[in-house]
Amino acid sequence: MGLRLGDEAPNFTAQSTEGELMFHNWLGDSWGILFSHPADYTPVCTTELGTVAKYKPEFDKRNVKIAALSVDGVESHNGWIKDINETQNTTVNFPIIADEDKKVADLYDMIHPNALSNLTVRSVFIIAPDKTIKLMITYPASTGRNFDELLRVIDSLQLTAYHKVATPANWKNGDECVVVPGVKTEDIPEIFPKGFKEVKPYLRLTPQPNL
Ligand code: BEZ
Numbered sequence: 002m003g004l005r006l007g008d009e010a011p012n013f014t015a016q017s018t019e020g021e022l023m024f025h026n027w028l029g030d031s032w033g034i035l036f037s038h039p040a041d042y043t044p045v046c047t048t049e050l051g052t053v054a055k056y057k058p059e060f061d062k063r064n065v066k067i068a069a070l071s072v073d074g075v076e077s078h079n080g081w082i083k084d085i086n087e088t089q090n091t092t093v094n095f096p097i098i099a100d101e102d103k104k105v106a107d108l109y110d111m112i113h114p115n116a117l118s119n120l121t122v123r124s125v126f127i128i129a130p131d132k133t134i135k136l137m138i139t140y141p142a143s144t145g146r147n148f149d150e151l152l153r154v155i156d157s158l159q160l161t162a163y164h165k166v167a168t169p170a171n172w173k174n175g176d177e178c179v180v181v182p183g184v185k186t187e188d189i190p191e192i193f194p195k196g197f198k199e200v201k202p203y204l205r206l207t208p209q210p211n212l
């Protein structure tokens with residue numbers, strides 16, 4: 002059976018552009034993003050990794066470590082990094098895992114042979130500090146990812162991990178939140194002193210509690 006939300010993210014040791022990476026040790030107490038791409042020296046992947054390098058301060062602010070992966074080797078990754086830095090006007094500042102034997106790809110089910118044979122598709126895993134998987138998204142090779150969306154999801158995951166709220170459609174940091182169904186309406190004023198609106202008995206909105 003494949004991985005599911007709430008499962009422990011499989012641990013592994015692999016070579017990367019920043020040396021040997023023991024995944025759980027490397028994550029430490031941070032949140033983590035592990036994302037795969039099909040291959041080095043490909044155009045969409047080049048833009049994705051350049052974008053992640055530019056967004057690194059935003060991931061750092063949120064205590065998120067990020068690692069890329071493909072089934073190419075370290076030497077290939079290192080050569081490609083020079084191209085990424087040159088063409089995307091950035092400095093790659095996160096590890097790219099070399100998974101030539103597809104060990105990690107198999108653990109995380111990143112190869113979808115009916116879509117793309119023998120190469121990793123664009124998988125994304127967000128991992129909480131307790132090492133459980135909080136989000137999985139899979140994109141095809143033809144579609145580059147939206148890293149603003151990943152930051153938005155991290156904001157939601159980190160908020161909802163500590164407050165009894167969920168985030169509605171298209172929510173972004175600062176917007177109103179939904180009070181989770183488990184909270185009784187009569188208990189809301191004590192838990193959410195900033196106030197609330199009862200649109201329906203099952204739809205209660207409150208200002209974002211951690212601001
Ligand atoms: C790319 O990154 O551009 C790409 C990789 C594999 C297939 C199609 C596009």
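Residue 2 is where the sequence shown starts when you use our numbering, and the numbers rise one by one after that.
For glycine and all other residues, C-beta sits at the position ideal for the given N, C-alpha and C.
If you follow the alpha helix (DSSP H) that residue i is in, where does it begin and where does it stop?
i: Q89; result: 75-89
i: V179; result: Premise fails: V179 lies in the beta strand (DSSP E), 178-180, not in any alpha helix (DSSP H).
i: L4; result: No alpha helix (DSSP H) holds L4; DSSP gives it neither H nor E.
i: V45; result: 44-62
i: R153; result: 148-163
i: P1; result: Residue 1 lies beyond the range of the chain shown here (2 to 212); nothing can be said about it.
Measuring straight from C-alpha to C-alpha, what distance separates residue i and residue j?
i: N86; j: T47; result: 9 Å
i: K201; j: I189; result: 14 Å
i: W32; j: A167; result: 19 Å
i: R123; j: S37; result: 5 Å
i: F24; j: S17; result: 11 Å
i: N110; j: T121; result: Checking the sequence shown, residue 110 turns out to be Asp, not Asn. Spanning the two alpha carbons is a distance of roughly 9 Å.
i: P114; j: V45; result: 20 Å
i: D131; j: G7; result: 10 Å
i: E191; j: V179; result: 16 Å
i: D176; j: N147; result: 20 Å
Where DSSP assigns a beta bridge to residue i, which residues make up the other side?
i: I34; result: I67, I127
i: G20; result: S17
i: K201; result: L204
i: I112; result: T121
i: E9; result: T133
When you compare the CB positions of residue i and residue j, do they come within less than 8 Å of one another, or not?
i: T186; j: K195; result: no
i: T91; j: K55; result: yes
i: D100; j: V72; result: yes
i: V65; j: I34; result: yes
i: K198; j: V181; result: no
i: L158; j: I127; result: yes
i: V156; j: N171; result: For the sequence presented, residue 156 should be read as Asp rather than Val. Contact flag unset, no.
i: M137; j: L28; result: no
i: L22; j: A69; result: no
i: T139; j: E9; result: no
i: I82; j: V75; result: no
Specify, as a first and last residue, the run of the beta strand (DSSP E) that residue i falls within.
i: Y140; result: 134-140
i: T168; result: Counting along the chain, T168 falls outside any beta strand (DSSP E), and DSSP gives it neither H nor E.
i: I97; result: 97-99
Three-pair Cβ contact test at 8 Å for the region 51-70 versus the region 142-153: yes
Would you say the region 100-115 touches the region 13-21, given that touching needs at least three Cβ pairs under 8 Å? yes
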